[in-house]
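Notes to accompany the following structure.
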Amino acid sequence: MMNYLSTLILLLYSSILSAQISGRVWQDANALNKAKGTERPVSSVEVKAYGTNGRLIAQTTTGGDGTYQLVVPPHQPVRLEFGNLEKGWQPVANTPLVRFATTPAEVNLVVQHPANQLGANPRLVQTVYVNGDYGDAGADSLTAVVITAASGDPSTLKRIATPRQVGSLWGLAYDRTSQRLYAAALAKRHAGFGPLGSGGIYRLSPDDGTVLPFINLDALGFATAPATLKRDLGSTITSVSHDSLMFSLVGKCSLGGLDVTDDGQMLFVMNLYDRALYALRLPADGTLPQSPDVKKFTLPLTAGQSGDARPFAVKIYNDQVYVGVVEDASHSKRVADLRAVVYRFDPNANTPAFTEVFSTALNYPRGTLDYGVSGWQPWTDDYRQARVSSAPDWLIHPQPILADIEFDTDGSMILGLMDRLGHQAGDGQLFRPNSSMPLMPYRGLSGGDILRVAFRNGRYDLERNGGVGDQQSAGRNNRQGPTGGEFYHDDQFQADGIVWHQETATGGLALLPEQGQLVVAAREPVPGQYVTGGFRWFANQTGSFVRGQAVFPGGERAGYFWKTNNVGDVEVIAETPPLTLGNRVWNDRNANGQQDADEPGLPAIQVTLYRAGKLAGQTQTDQEGYYAFDNQSATGGIQPLTDYEIRVPLQQTVHSGLSLPAPDRRKAVATSQADQIDNDAILADQTALIRFTTPPGGGSMPGLDIGLQCGSCAPASQTAEPERLTLTPNPAGVQTAVRYRGYQQTGALTLTVFDLQGKPLMTTAGNLTDHQYTQTLNLTRLTSGHYVVTVREGDQITTVRFVKH
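Residues -19 to -1, 1 to 786 in mature numbering (1 follows the signal peptide of the UniProt record, and there is no 0) are what the sequence shown spells out, letter by letter.
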């Protein structure tokens, strides 16, 4: 008896386990919804199952591998709701957050971040530094801003701005919606400002090279440098200069980091002179901002007695502004007092405030720049402290500036540290060793760094000995990073079999999510090519060097900087992310305005898209009631920040007696995905109508749902029985054999061929014989394209799509 009970319990337990709903949630870098084995799993996603009565019957969260399991009674229809995604992440078009299934079932979710979608041919832009005050025509032959393919193809490299047009720049920000590039001035010794001076921001067109002097903060009443600032610059690109006052002002005046919001409406820039963050409203008509369009935010600068807090980096991520600050130890002169701090700032909050999200000491071991100089040093305004005792005509004194911040697809933060000395020094320029000696030529050498900070369980953790999160690089134990190793370990310059400099980064960063790569601004980025600057690509999984590209010729070319910071910020020029919108038309049997677990989708419903009163697209729902519009199916693509209408005529070809339940009959929705399961339509001229405005920045709008009641509506065909309706076209595409397995043994049916706009093209009547029906369709009169075959058997409708070649 006991054995019988044990067996019975085991069978019942096995039955329960077999009645699972399981699946996986992962990130899709390119929105192709194809698991290639390299996508990152998404943990902590809530998965809830609701029964036919709308009550929650099971819930869980995804594990570290992105998988989940729900135990639900067998043959139970459920509505699945996915929630608790990190801000900015969205479902790809054909895997919405609300799904319908009957146990057992596998339901996966694929998510994307619009900012990670760069398009087919992303490009990179970079600032380049040129000597002098640009008073001669020689400056027109050199480059201040370059653009190249993100693949590193050198044949695509071209200039888009000259030094005389823009002067010395650092911050770059690209607005994908307007296709405008913004660039901000930088205070750099031996390099002049552009026409707008120390507070200048320029607007560039990456494609045609148009340069517009956009805004001057000083002219609007916001000082960016001392009013009495005087420069001692040479007038030509080959001139030597002293420019002594600028040595102490580097990192303390002009502008720093720059970024633009996803909707292209706000530009944020760091003013290094008053150490405040500025927000500039960008008028939609492209006109220049005025003083009322500028807002100032004061940072919490708390370096204590050891020195001053020096802000620089600006990064916008998930609608939050992140700023990078270093505590410079300029008073204490103790390396242990050097720190890097990252603050987060919500510009849309009722009371905006800066919150510290990460900080770290900067006294970790680093690689050798040259002449035995390695680790970070406190800031100094005395160039005599930068002289190398063993090589007195060289200035090497690495001082940290947190210049750039990037976020990887797993939420990790990447910090670009710039060497301040790289902008305090030049090559062959002049300095005075002491007050009693004449001016003498000197050379400078700089080296920045790259740090990776993992994001786990809501907190940031700095890399340790070449490892970060669950990733480990070959930089372990190389004595060039926190706790003895560094993650991005291939950042040295090597030529002729010798590693000349173990640190070469100049501060700028850019992320290529689809390639899994980080692009770093670096001097001498290509092994074996001396005295140049450009891009250096790293693999984000291993921290290894991938390739390098120089943006100007090597060999101490006249006018360019050589061993100091010769290139600046890096920015990706990407296409506007595509936008997909739509979701589901369903049979709202109880008229409560909710997509209940047992309410099916309506297939073959004609859905139209309108923009400014004109037809912009047509489609029809699939066999589960889903529909979508994207850049391919909508005339002119789906445009951001634009008003559209979804229209579903209540007079349909396949279904009859359609009506839209009155709003007062709809029940209030109380789940976490309320907007994803409700009825969004109103009634207008016998049409179910949804009015909406598309968001900025691309992505998906998966919550445009319409619930209809039917006089004679057929449920969707069961996707678990794909063999019910099959088509076998002949090689010439002229005829196709249709085979249908009926629900009943005998009975009448109707077969119809539709185009994707729901227009019937041919109809034939037939009868079942022993559950079977076959028919040969002549497709001669159909043009090449996509079509839908629908078989209606009593209350059942089965559909399948096909392509005529």
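We put the CB at the ideal spot given by N, CA and C, even for glycine.
Remember, predicted model here, so these are calculated numbers, not experimental data.
- Under the DSSP assignment, Phe326 falls outside any alpha helix (DSSP H), being part of the beta strand (DSSP E) whose first and last residues are 320 to 326.
- One Cα belongs to Thr143, the other to Gly215, and the distance between them is close to 17 Å.
- By the neighbour-count criterion, in which 16 or more other beta carbons inside 10 Å mark a residue as buried, Met227 falls on the buried side.
- For Pro22, the three-state secondary structure derived from DSSP is strand.
- When beta bridges are read from the DSSP output, Phe516 appears opposite Ala502, Gln530.
- By the CB criterion at 9 Å, Tyr591 and Tyr625 fall inside the cutoff.
- If you ignore the 5 residues before and after Gln40, its C-beta comes within less than 8 Å of the C-beta of Glu27, Val28, Lys29, Ala30, Leu51, all in its own chain and listed in chain order.
- A check of alpha carbon separations from Cys691 across Thr83, Leu631, Asn748 identifies Leu631 as the nearest.
- Residue pairing from DSSP places Pro58 in a beta bridge opposite Thr83.
- Remark: three or more beta-carbon pairs, one from each stretch, lie closer than 8 Å, so the region 718 to 726 and the region 742 to 758 are flagged as touching.
- Taking the CA atoms as reference points, Tyr768 sits about 39 Å from Ala130.
- Taking Gly237 as reference, the option from Thr108, Gly288, Arg565, Leu201 with the minimal CA-CA separation is Thr108.
- The Cβ atoms of Gln71 and Val88 do not sit closer than 9 Å to each other.
- Each of Ser235, Asn252, Ala125 was checked against the Cα of Gly190, and the nearest Cα belongs to Ala125.
- Pairwise C-beta distances place the region 270 to 287 in contact with the region 240 to 258, as three or more of them are shorter than 8 Å.
- Residue burial is scored here from C-beta neighbours: Leu230 has at least 16 other C-beta atoms within 10 angstroms and is therefore classed as buried.
- Excluding sequence positions up to five before and after Pro508, its CB lies within less than 6 Å of the CB of Gln475, all in the same chain and listed in chain order.
- Rounded to the nearest whole angstrom, the C-alpha separation of Val147 and Thr336 is 34 Å.
- Under DSSP, the beta-bridge partners assigned to Trp375 are Arg424.
- Counting of Cβ neighbours within 10 angstroms places Glu67 among the exposed residues, the total staying below 16.
- Distances from the CA of Leu708 to each of Met743, Thr780, Thr668 were compared; the closest alpha carbon is that of Thr780.
- Note on Met421: under 16 other CB atoms within 10 angstroms of its CB, so exposed under the neighbour-count rule.
- Within 10 angstroms of the beta-carbon of Ser393 lie 16 or more other beta-carbons, which makes it buried.
- Taking all protein chains in view, the Cβ of Gln633 is crowded by 16 or more other Cβ atoms within 10 Å, so the residue is classified as buried.
- In the three-state reduction of the DSSP assignment, Asp213 falls in the coil class, being assigned neither a helical nor a strand state.
- Assignment of Pro381 by DSSP, reduced to helix, strand and coil, places it in the strand class.
- Within its own chain, the residues whose Cβ lies closer than 7 Å to the Cβ of His378, once the five positions on either side in sequence are excluded, are Gln358, Thr361, Gln366, Ala367, Leu402, listed in chain order.
- In the structure shown, Asp121 adopts helical secondary structure according to DSSP, grouped into three states.
- In this structure, Gly173 lies near Asp114, with their beta-carbon atoms less than 9 Å apart.
- Between Gly515 and Ala539, the beta carbon gap of about 18 Å keeps them out of contact (Cβ cut-off 8 Å).
- Restricting attention to beta strand (DSSP E) runs no shorter than 3 residues, the region 456 to 488 encloses them at 474 to 476, 479 to 482, ordered along the chain.
- Put simply, the backbone Cα of Gln473 is about 15 Å away from that of Leu432.
- Short of 6 Å from the beta carbon of Ala643, and not among the five residues preceding or following it, lies no beta carbon of its own chain.
- Counting along the chain, the unbroken alpha helix (DSSP H) around Gln146 starts and ends at 144 to 147.
- In this structure, the straight-line span from the alpha carbon of Thr668 to that of Gly489 is close to 53 Å.
- Only buried fits Lys544, as 16 or more other CB atoms lie within 10 angstroms of its CB.
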